[in-house]
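Below you'll find the structure, written out as structure tokens, and then a few comments.
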Amino acid sequence: MKILVLGDIVGRPGRNIIKDNLKSIQDEFDIDFTIANGENASSGLGITEKNASDMIDWGVDVITTGNHVWDKKETEGYIDNYDWILRPANYPDPCPGKGYIIKEKNGAKIAVINTSGLVYLKSLDCPFKKIDEILLEIPSDVKIRILDFHAEATAEKISMGYYCSQRVSLVFGTHTHVQTADCRILDDYTGYITDVGMTGPLDGVIGVDRDIILKGFLSKRPGKYSIAYGPVQINGLVADIDESGKCKELFNFIKIYE
Ligand SMILES: [Fe+2]
Ligand SMILES: [Fe+2]
């Protein structure tokens with residue numbers, strides 16, 4: 001089972017590049033199942049129902065999210081209507097939406113889990129204890145288990161990778177929007193990368209217009225964010241996972257579209 005992961009989709013540039021190129025990337029890498037982080041898909045902040053549905057129509061199987069999941073007011077109203085969008089599982093109960101989901105595709109059952117880190121982010125429930133709970137809940141015949149750990153600190157993400165080692169098929173980090181160069185297979189089982197990166201404008205600051213961000217650093221006063229323009233990049237990861245749940249092969253990629 002070949003899994004494609006796309007780093008955080010940012011704004012219209014990120015959405016359009018997926019709309020135009022996802023099918024050819026899926027063909028190029030012979031992909032069975034696609035996961036995309038969509039927390040920044042709508043103007044950089046959150047994801048509308050329309051933008052989420054479009055991404056599914058274009059070939060994404062599951063959308064994960066993160067700290068920006070509730071930025072669009074409408075999300076609380078629609079998130080329970082669909083079996084293809086997740087919010088971090090470690091939000092305290094009660095909370096709309098789901099933290100993990102089991103899908104069937106090309107003869108395989110795949111569990112996709114989404115949790116959030118706590119370092120420099122909201123103080124949610126412990127993501128380490130939450131993954132233990134979820135792994136107990138997932139039926140034993142679901143061998144392919146994938147975690148999007150949406151977190152800021154590299155140490156917290158690497159720790160989660162080791163914590164899930166040999167229990168989860170693939171652990172990928174999201175949130176920083178910068179792809180890390182540490183993609184590897186842990187303990188001959190678990191595919192791991194600290195951050196997949198971002199699908200959005202290349203020449204901004206993590207997707208935002210560079211002038212606004214620079215002005216903020218120089219003036220110490222906040223500005224109104226707008227999405228950057230110019231060339232767009234797709235940051236992704238491809239994992240080949242066998243029927244036992246073991247990650248056999250893993251590589252990351254960056255594609256730039258002028
Ligand atoms: Fe993000
Ligand atoms: Fe985030």
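For the sequence shown, the UniProt record's numbering assigns the number 1 to the initial residue and increments by one for each residue that follows.
Virtual Cβ for every residue (Gly too), placed ideally from N, Cα, C.
The structure presented is a predicted model; accordingly, all values stated were derived computationally and were not measured.
The residue from 197, 178, 134 with its alpha-carbon nearest to that of residue 168 is 134. Under the three-state reduction of DSSP output, residue 213 falls in the helix class. A direct Cα-to-Cα measurement between residue 130 and residue 89 gives close to 7 Å.
When the Cα atoms are used, residue 5 and residue 184 turn out to be separated by approximately 15 Å. The stretch 143 to 154 and the stretch 230 to 247 touch, with no fewer than 3 CB-CB distances between them shorter than 8 Å. Contact residues of ligand 2 (beta-carbon closer than 5 Å to any heavy atom; chain order) are 66, 67, 175.
Contact between residue 33 and residue 61 is confirmed by a C-beta separation of about 5 Å, below the 8 Å threshold. For a cut-off of 8 Å, the C-beta gap from residue 114 to residue 150 is around 7 Å, short enough to register as a contact. Residue pairing for residue 10: DSSP places it in no beta bridge. Annotation for residue 39 indicates a beta carbon within 7 Å of some heavy atom of ligand 1. Look at residue 243 here: in three-state DSSP terms it is coil, with no helix or strand label. For residue 179, the secondary structure class from DSSP, reduced to helix, strand or coil, is coil.
Sequence-distant partners of residue 224 (beyond 5 residues in either direction) whose C-beta falls short of 6 Å from its own C-beta are missing from its chain. Where residue 147 is concerned, there is no enclosing alpha helix (DSSP H), although the beta strand (DSSP E) around it starts and stops at 144 to 150. By the criterion of a C-beta distance shorter than 7 Å, residue 179 is surrounded in its chain by 7, 195, 196, 197, 235, 252, 254, once the five residues flanking it on both sides are discounted. Ranking 227, 105, 221, 64 by CA distance to the CA of residue 84 puts 64 first.
Short note on residue 71: C-beta not closer than 7 Å to any heavy atom of ligand 1. For residue 136, the closest alpha carbon among the candidates 231, 232, 100 is that of 100. Here the distance from the Cβ of residue 8 to the nearest heavy atom of ligand 1 is below 7 Å. Between residue 230 and residue 11 the beta-carbon gap is near 13 Å, outside 8 Å, which marks them as no contact.
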